[in-house]
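Student:
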Amino acid sequence: MNVDTLNFFSGRITVDPEICNGKPTIRGKRIAVQTILEYLGAGESEEEILSQYPSLHSDDIKTCLQFAASFMGRRYDLQKVA
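Listed below in structure tokens is the structure:
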């Protein structure tokens, strides 16, 4: 793992600039949190996702949702660029 790697939720979510262009991934695998969230948003069930990604666990999917929720709980300020 890269020295610049960030870990969240006890290492279940990792951000490594060398993996998936620095997008948050699940346990350093090449499975982006965004991918799992998109599947859930499209109506896929947890069981369907786990069958497509056998290396994942049910807790990985729940942690993706917790990770997304933690970002939604932050305050964002918009700046005018142009």
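Note that this note's numbering has the sequence shown beginning at 1, numbered continuously upward.
Beta carbons: idealized from backbone N, C-alpha and C, even for Gly.
This structure is a prediction, so every number in the text was calculated from the model and none was measured.
Taking D59 as the reference, which of I19, R27, R74 has the closest Cα?
Tutor: The residue with the shortest Cα to Cα distance from D59 is R27.
Student: Helix, strand or coil: which one does DSSP assign to L40?
Tutor: Reduced to three states, the DSSP call for L40 is helix.
Student: Taking the alpha carbon of S10 as the reference point, which residue from F67, E48, E47 has its own alpha carbon closest?
Tutor: Ranking the options by Cα distance to S10, first place goes to F67.
Student: For the alpha helix (DSSP H) containing T63, name the first residue and the last one.
Tutor: Taken as a continuous stretch (DSSP letters only), the alpha helix (DSSP H) holding T63 covers 58 to 72.
Student: Can you tell me whether DSSP reads V3 as helix, strand or coil?
Tutor: Of the three classes helix, strand and coil, the one that applies to V3 here is coil, per DSSP.
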